[in-house]
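What follows is a set of notes on a single structure, which appears directly below.
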Amino acid sequence: MFLIMDIDGSLSLKADLVGTPPLWVNLDPYSYLGDGVELHVNFKQTDQVVNADTVKLDISFIDQATNDVIYKFVGSLSDDINQTNSLMSIVDATEEFKDFEVKVGAGFSQAIVLSSAYNNLDSLGRSKKVLTWQSNTPPSNIDSLAKTLTRGKNKPTRLYMFFDNNVTVFTQLMRVMDKLNIRLFVELDPMLTVDQAIQTANDLAADDDRVSFIWSPNVARPINAQSLKGRKVARLIGGTLMAWHTLRDANMDAQGIPAYHNPVAGYDYPFSYRGLDQRPDIDLDDTTRKRLANARINVMQVIDFRAGSRFILGDVLTANNNNTSLLKLINASDISMFIANTINAITMRHLLKGMTTYIEDATKECVKFLDSCCTKNRPLLVHSETLNGFYKFTITPRQDRPFDAVDVKLGCRPQGATRAAYNDFAVEK
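Offset between the sequence shown (1-based) and this note's numbering: plus 19.
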């Protein structure tokens with residue numbers, strides 16, 4: 020898409036460039052922005068002399084529905100990408116655009132001052148031009164999604180999707196989750212009713228501890244809202260939740276063990292969006308909460324604490340339908356995946372050694388790793404009476420292939436999470 024300025028200063032968005040206008044900007048983002056996006060264009064004069072180096076372009080991509088700012092860039096119109104304050108250099112550094120090019124042609128100095136988006140030195144800088152962004156729907160790559168994610172150099176460690184009846188994407192991400200043994204968060208539409216949310220989770224029938232459903236039946240003001248009484252919109256929580264998980268995973272001890280024993284939920288992780296409120300048509304009473312928990316849906320809800328009310332993720336359930344399984348808890352499931360993936364990586368690294376050397380080296384490194392998961396600061400594993408310890412680990416030659424294959428066996432009990440507290444109080448005379 021080309022942003023074009025004609026000789027009379029008028030601005031337009033066109034799919035193709037014809038001729039050599041006084042100014043044109045090639046805009047080709049990697050992301051498909053879809054419908055309902057506006058382009059806000061603002062030119063600001065910074066010097067008495069008007070040329071490409073002294074005029075700054077302030078360009079913003081705005082979501083019409085939520086008024087959120089998708090992209091915002093400000094820089095000079097210089098075509099020198101090595102000039103740090105040029106718009107081309109600034110946009111190129113973000114790596115958000117496949118192609119972004121600025122070209123100034125003959126007659127620019129005369130055309131720019133005629134533009135309705137031009138602001139001279141003495142102005143307040145409020146003049147701007149609003150254009151409707153148009154982009155063609157890209158060809159679907161859903162069928163190759165799993166291959167792209169599993170064969171890339173930097174593989175994902177966690178997956179998130181907003182479920183909007185896109186079952187094919189969900190199926191592809193389930194394949195990625197299964198291949199890489201990682202967590203998949205599925206966020207349900209914030210505007211669903213309780214019955215619809217439960218029905219959606221049941222229809223997807225994931226029944227896998229690596230899948231987690233989240234739902235935020237809440238509204239808040241847009242992220243860039245200027246007014247305290249502006250219109251509120253549905254608020255997704257996936258981005259914030261993924262950021263918290265990333266921070267927790269980065270919190271490693273000296274042995275490189277993350278704090279997976281701590282669930283990302285509850286009092287210590289409050290959502291603080293501007294003007295956050297529960298939808299007025301939603302009533303999360305005890306019965307409703309139990310229904311949502313039975314559907315394995317983790318709801319962002321307001322809870323009253325001694326220190327005040329907080330909006331928190333009110334549960335830590337996976338899509339595992341076995342109520343007696345420890346893997347119905349997100350942190351226990353995360354620990355299980357982390358340990359399994361690490362043991363697999365260690366045993367793979369020692370392949371193609373002599374059998375005796377392999378068993379000794381791989382066992383030594385795996386035991387060292389497992390011991391690091393049983394410390395006071397990183398209690399990922401807890402003592403099990405069945406195992407008579409924190410874990411039971413062996414590497415032995417495989418019975419049917421004793422010369423070139425081994426069996427790696429591990430038994431352990433991951434840390435759980437407290438979801439309820441039963442009180443038994445007594446007042447003595």
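Don't be surprised by glycine CBs; every beta carbon is placed ideally from N, CA and C.
{"query": "Enclosing alpha helix (DSSP H) for residue 213 [first to last residue]", "result": "213 to 223"}
{"query": "Bounding residues of the alpha helix (DSSP H) (the contiguous stretch that carries residue 3)", "result": "For residue 3 there is no data in the structure shown, the boundaries of the chain being 20 and 448."}
{"query": "Counted within 10 angstroms of its Cβ, other Cβ atoms place residue 285 as buried (16 or more) or exposed", "result": "buried"}
{"query": "Secondary structure, alpha helix (DSSP H): runs of 4+ residues fully inside the segment 120 to 195", "result": "127 to 131, 164 to 170"}
{"query": "Outcome for residue 50 when other beta-carbon atoms lying within 10 angstroms are tallied against a minimum of 16", "result": "exposed"}
{"query": "Which listed residue (103, 74, 152) has its alpha carbon closest to that of residue 83", "result": "152"}
{"query": "Terminal residues of the beta strand (DSSP E) in which residue 327 lies", "result": "327 to 332"}
{"query": "For residue 304, the nearest candidate out of 239, 326, 351, 213 (CA to CA)", "result": "213"}
{"query": "Residue 324, buried or exposed, once every other Cβ within 10 Å from all chains shown has been counted against 16", "result": "exposed"}
{"query": "Sufficient close CB pairs (3 or more, under 8 Å) joining the segment 197 to 206 to the segment 289 to 302", "result": "no"}
{"query": "CB-CB length for residue 362 against residue 429, believed under 8 Å", "result": "6 Å"}
{"query": "Length of the line joining the Cα atoms of residue 67 and residue 127", "result": "15 Å"}
{"query": "Three-pair Cβ contact test at 8 Å for the segment 249 to 265 versus the segment 379 to 391", "result": "no"}
{"query": "Contact between the segment 23 to 39 and the segment 130 to 145 (3+ Cβ pairs under 8 Å)", "result": "yes"}
{"query": "Unbroken beta strand (DSSP E) run spanning residue 202, endpoints", "result": "202 to 206"}
{"query": "Residue 89, DSSP secondary structure in three states", "result": "strand"}
{"query": "DSSP-derived helix/strand/coil call for residue 280", "result": "coil"}
{"query": "Three-way DSSP call (helix, strand, coil) for residue 50 in this model", "result": "coil"}
{"query": "Cβ distance (whole Å) where residue 165 is taken to contact residue 129 below 8 Å", "result": "Residue 165 to residue 129, Cβ: 54 Å. No contact."}
{"query": "The alpha helix (DSSP H) enclosing residue 457, as first and last residue numbers", "result": "Lying before the first or after the last residue shown, residue 457 is absent from the chain, which here runs from 20 to 448."}
{"query": "For residue 384 and residue 79, the rounded distance between their alpha carbons", "result": "52 Å"}
{"query": "Residue 40 burial status per 10 Å Cβ neighbour count (16 or more: buried)", "result": "buried"}
{"query": "Contact check, residue 230 vs residue 240, beta carbons under 9 Å", "result": "no"}
{"query": "As assigned by DSSP and simplified to three states, the class of residue 336", "result": "strand"}
{"query": "Start-to-end residues for the alpha helix (DSSP H) that takes in residue 350", "result": "349 to 368"}
{"query": "Separation of residue 45 from residue 281, as counted between CA atoms", "result": "47 Å"}
{"query": "Neighbour-count burial assignment, residue 432, 16 or more Cβ in a 10 Å radius", "result": "buried"}
{"query": "Same chain, Cβ closer than 6 Å to residue 119, neighbours up to 5 away in sequence not counted", "result": "110"}
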